[in-house]
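Notes to accompany the following structure.
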Amino acid sequence: MRFSRTFEASPHCLPSPNGKLVATLSASVIYIRAVDSLQTLKHISLPRGFTGPVAFFKWSSSSRLILVASVGQVHVFSVTGEDDFHATIRNPIPPAAKPVFVGFGAFDTQVCVCASLGLKFAVYDLVSSKAVEIANPKSHTTASVCRSFCFRPGTRHLTILTRMSGKDMISIHHPVTKDVQRSWFPDTADAQGLVWSPDGRWLVTWEAAAHGHKVLFYTSDGNLFKAWSGPQILVVADADIRLGPGVKLLAFSADARLLAIGDSSRRICILNMASVTESLRLQHPNSIAPTEILQVWQERVDDSGHHFLRAPQTIYPPNGQSAGNTATESGCALMAFDASSALLATKLDDAPSTIWIWDATTAELRAVLLFHGNVSRFSWHPTARETLLIVCEGDAYNSLAFMWDPLSDGPKALDFSDRVSNGKLQVQWLNVDGLEPAALFASDSRDFVLASLAKTEDEPVPWFADGEPPSMLSNNPPHLEITHADDEFEEEISELDDTFSFKKA
Numbered sequence: 001m002r003f004s005r006t007f008e009a010s011p012h013c014l015p016s017p018n019g020k021l022v023a024t025l026s027a028s029v030i031y032i033r034a035v036d037s038l039q040t041l042k043h044i045s046l047p048r049g050f051t052g053p054v055a056f057f058k059w060s061s062s063s064r065l066i067l068v069a070s071v072g073q074v075h076v077f078s079v080t081g082e083d084d085f086h087a088t089i090r091n092p093i094p095p096a097a098k099p100v101f102v103g104f105g106a107f108d109t110q111v112c113v114c115a116s117l118g119l120k121f122a123v124y125d126l127v128s129s130k131a132v133e134i135a136n137p138k139s140h141t142t143a144s145v146c147r148s149f150c151f152r153p154g155t156r157h158l159t160i161l162t163r164m165s166g167k168d169m170i171s172i173h174h175p176v177t178k179d180v181q182r183s184w185f186p187d188t189a190d191a192q193g194l195v196w197s198p199d200g201r202w203l204v205t206w207e208a209a210a211h212g213h214k215v216l217f218y219t220s221d222g223n224l225f226k227a228w229s230g231p232q233i234l235v236v237a238d239a240d241i242r243l244g245p246g247v248k249l250l251a252f253s254a255d256a257r258l259l260a261i262g263d264s265s266r267r268i269c270i271l272n273m274a275s276v277t278e279s280l281r282l283q284h285p286n287s288i289a290p291t292e293i294l295q296v297w298q299e300r301v302d303d304s305g306h307h308f309l310r311a312p313q314t315i316y317p318p319n320g321q322s323a324g325n326t327a328t329e330s331g332c333a334l335m336a337f338d339a340s341s342a343l344l345a346t347k348l349d350d351a352p353s354t355i356w357i358w359d360a361t362t363a364e365l366r367a368v369l370l371f372h373g374n375v376s377r378f379s380w381h382p383t384a385r386e387t388l389l390i391v392c393e394g395d396a397y398n399s400l401a402f403m404w405d406p407l408s409d410g411p412k413a414l415d416f417s418d419r420v421s422n423g424k425l426q427v428q429w430l431n432v433d434g435l436e437p438a439a440l441f442a443s444d445s446r447d448f449v450l451a452s453l454a455k456t457e458d459e460p461v462p463w464f465a466d467g468e469p470p471s472m473l474s475n476n477p478p479h480l481e482i483t484h485a486d487d488e489f490e491e492e493i494s495e496l497d498d499t500f501s502f503k504k505a
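Going by UniProt numbering, 264 is the number at position 264 of the sequence shown; the sequence numbering is gapless.
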C-alpha cells in the first residue's frame, strides 16, 4: 500500500463524490485541495455573520459545489477558483424547530431542508430564489429522515412520504417546479420509507415490522403493481413466519435485477425484480463448516498486528448478547450488494463481529469473516467488483481498516497509525472513475491521508509527486456552470409515463 503525505484535517473533512477534491472546514475557512497535485486550489472564507456550530457539511453530487449549514443559515459555494458563486438561505426553518437534514436536491442548484417535529420539508431553488414547502414529512429525525424522500434515477423526480390525519401518503413531484404529478394513499398502517430501484422502474415502500411482512411495488407513474406479503411457505416449519416481525432492511443490487429483504430472523429473501417474486433465500447458519468453496477466516491479534487464519474445522460465530437481562436485537443489521451484483455482504444483530459473503445468484455462502471486535460498517467499492472495505469498533481498531476480496488470503489489515494519530478513523473509498488499483481517504478529524492499494511502484496512484505529471486524474479543475434546471429538462421531462394508458384508449 502507498500513502500520500499527511494533511491537516478537521471534523468536517470530506472527499468529493468524483474523488478529485478534498474539502476541509477549519475555523471559518474551507480549503479545497486537489487529489492529483495535492495542492490547495482555493480557500473560501465563511461570511462574518455565520454563527453557531456547523451542523451540515456536504458536497453536491457533481462535485462542483459545497454546502455549509448551521441552525439558522445555509451557504453554498463553488469550489473552483474562477467561479465565485455563493448562495445564502437564511432562517430556512421555523424558530421552534431544528434542521434534521440539509443537503442538495435533484440538482446542484436545489437545496432540501427538513425541519424537526415534522413541520415541513422545503426545497430551495438557488437560481430563482424561490422555495417549495411540503407539509408533514413522515420521518423527521436525523436517523430516519432520508428514508422518507428520494429522487428517481434518471428523471430526478422528487418522491416523498408524508402523513396526514393518521394516513400515509406518497407524492411524486416534478424535478424542477416540484408540482405534484401523482399522489396516493398506500395500503399501509405505518410505512417506514420509500426507495427507487437503481434503474428507476420501481418505487418501493414497506410496512413497519410490527405490522408483519408487507412490501408494496409501484410502477414509475405510481400504479400499484404488486404487494409482497412475506417469504413463501416451503416447509411446515415455515408456517409461523408471517406471525413474526416484518421487514427491517431493503437493498437493491446495482443492476436493479435483485432486491434483498431482511427481517428479524436469520433469513434474507432475494426477489427477482423481473417478476417481483422470491427467487432465492439465504439462511445464516448457527455453525459454519469450511469447504473448498467456503472460506472461513478468523482474526488473530499478536505483537506483529492483525492477521487472519483460515478455520480448519466447524466454528460457531460469537453472539453479541450482553451480560445483563437486556434483550438484544435480532435479524439483519447491515447488507449490501457489490458493484457486480454477484455478491451480497450481510451482518446480523446477534453476531455483530461476523460478516457473511453470499453468492447472490446461487444462494451459496462464499466466505465468513470473523473479527474480535464488532463490525461498525462496511462498504463495497463503488465500481470495482468484489472489493470490500470493513471498519470495526473499539480502541484496538483505532487507525485500522480492513480490505477483502475473494482472491486474497483473508481480510488485509490497512494500518494508518504511522500516518494519522491513534484516533477513531473515518475511512472511505476514493471514487475516482477508472482508477485501478483502488484508493482510500482516511481521516481522524485531526489529519487526513490518501492511500492507494497499489502493491508496487509501477502501479498508478491518484496523486503525483512534485514535478511529475498526474497518473490518473485530469490536471484541469472542474468548471462550474450555473444553469437553471428548466433549461436542462425543458425537452426531457413533460410528465410521468402512464403504465395503464392502453386501458384509456
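Backbone N, C-alpha and C fix where the C-beta goes; we use that ideal spot for every residue, glycine too.
Give the secondary structure of residue i by DSSP, where H, G and I count as helix, E and B as strand, and everything else as coil.
{"i": "R147", "result": "helix"}
{"i": "A115", "result": "strand"}
{"i": "L243", "result": "helix"}
{"i": "D433", "result": "coil"}
{"i": "H173", "result": "strand"}
{"i": "H43", "result": "strand"}
{"i": "H213", "result": "coil"}
{"i": "D168", "result": "strand"}
{"i": "I261", "result": "strand"}
{"i": "W463", "result": "coil"}
{"i": "I134", "result": "strand"}
{"i": "F50", "result": "coil"}
{"i": "M403", "result": "strand"}
{"i": "D84", "result": "coil"}
{"i": "residue 564", "result": "No answer is possible for residue 564: it lies beyond the span of the chain, which begins at 1 and ends at 505."}
Among residues of its own chain, excluding the 5 on either side of residue i, which ones have a beta-carbon nearer than 8 Å to its beta-carbon?
{"i": "A274", "result": "R257"}
{"i": "D433", "result": "N18, G19 and T383"}
{"i": "S494", "result": "Residue placement at S494 is flagged as unreliable, the pLDDT there being 44, under the threshold of 50; the coordinate-derived value follows with that caveat. Nothing meets the Cβ criterion."}
{"i": "M335", "result": "L249, A251, A260, G262, I268, L344, A345, T346 and K347"}
{"i": "V420", "result": "T6, S399, A442, S443, D444, R446, D447, F448 and V449"}
Since residue i is in the beta strand (DSSP E), which residue starts that stretch and which ends it?
{"i": "R31", "result": "This sequence places Tyr at residue 31; Arg is not what is there. Taken as a continuous stretch (DSSP letters only), the beta strand (DSSP E) holding Y31 covers V29 to A34."}
{"i": "I315", "result": "That residue, I315, is in no beta strand (DSSP E); it is neither H nor E in DSSP."}
{"i": "D415", "result": "K412 to D415"}
{"i": "P99", "result": "P99 to F104"}
{"i": "Q181", "result": "V180 to W184"}
{"i": "Q232", "result": "Element bounds for Q232: n/a, residue is neither H nor E."}
{"i": "E207", "result": "W202 to E207"}
{"i": "D190", "result": "No beta strand (DSSP E) holds D190; DSSP gives it neither H nor E."}
{"i": "residue 583", "result": "The requested residue 583 is not part of the displayed model; the chain covers only 1 to 505."}
{"i": "H75", "result": "Q73 to S78"}
What does a CB cutoff of less than 6 Å around residue i pick up in its chain, not counting 5 residues either side in sequence?
{"i": "P470", "result": "Confidence is the limiting factor: at P470 the pLDDT is only 45, short of 50, which leaves the residue's position unreliable and the question unanswerable from this model."}
{"i": "V22", "result": "P15 and R33"}
{"i": "residue 508", "result": "Since the displayed the chain opens at 1 and closes at 505, residue 508 lies outside it and no answer follows."}
{"i": "I315", "result": "I288"}
{"i": "T109", "result": "L126 and V127"}
{"i": "C112", "result": "G103, G105 and V123"}
{"i": "A311", "result": "P290, V296 and Q298"}
{"i": "F101", "result": "C114 and V145"}
{"i": "W206", "result": "Q192, V215 and V247"}
{"i": "H75", "result": "V68 and T88"}
{"i": "S60", "result": "F104 and D108"}
{"i": "K412", "result": "M403"}
{"i": "A96", "result": "none"}
Can you tell which of the options has the C-alpha that lies nearest to the C-alpha of residue i?
{"i": "K248", "options": "G230, D302, A254 and D255", "result": "G230"}
{"i": "F402", "options": "G423, D418 and S379", "result": "S379"}
{"i": "P53", "options": "K98, K42, S4 and I66", "result": "K98"}
{"i": "E133", "options": "V180, D458 and Y218", "result": "V180"}
{"i": "G222", "options": "T141, S171 and F3", "result": "S171"}
{"i": "D199", "options": "R152, I233 and H43", "result": "R152"}
{"i": "D84", "options": "K167, Q73, F3 and I66", "result": "I66"}
{"i": "D187", "options": "S197, K178, V176 and V204", "result": "V204"}
{"i": "S63", "options": "D409, L430, P437 and W184", "result": "L430"}
Output yes if chain D places a C-beta closer than 8 Å to the C-beta of residue i; else output no.
{"i": "R33", "result": "Among the chains in the structure shown there is no chain D, since it carries only a single protein chain."}
### Query
Taking only runs of the beta strand (DSSP E) that begin and end inside the stretch 331-401, which ones reach a length of at least 3 residues, in chain order?
Listed in chain order, the complete beta strand (DSSP E) runs (minimum 3 residues) inside the stretch 331-401 are 332-337, 343-348, 351-359, 364-370, 375-380 and 388-392.
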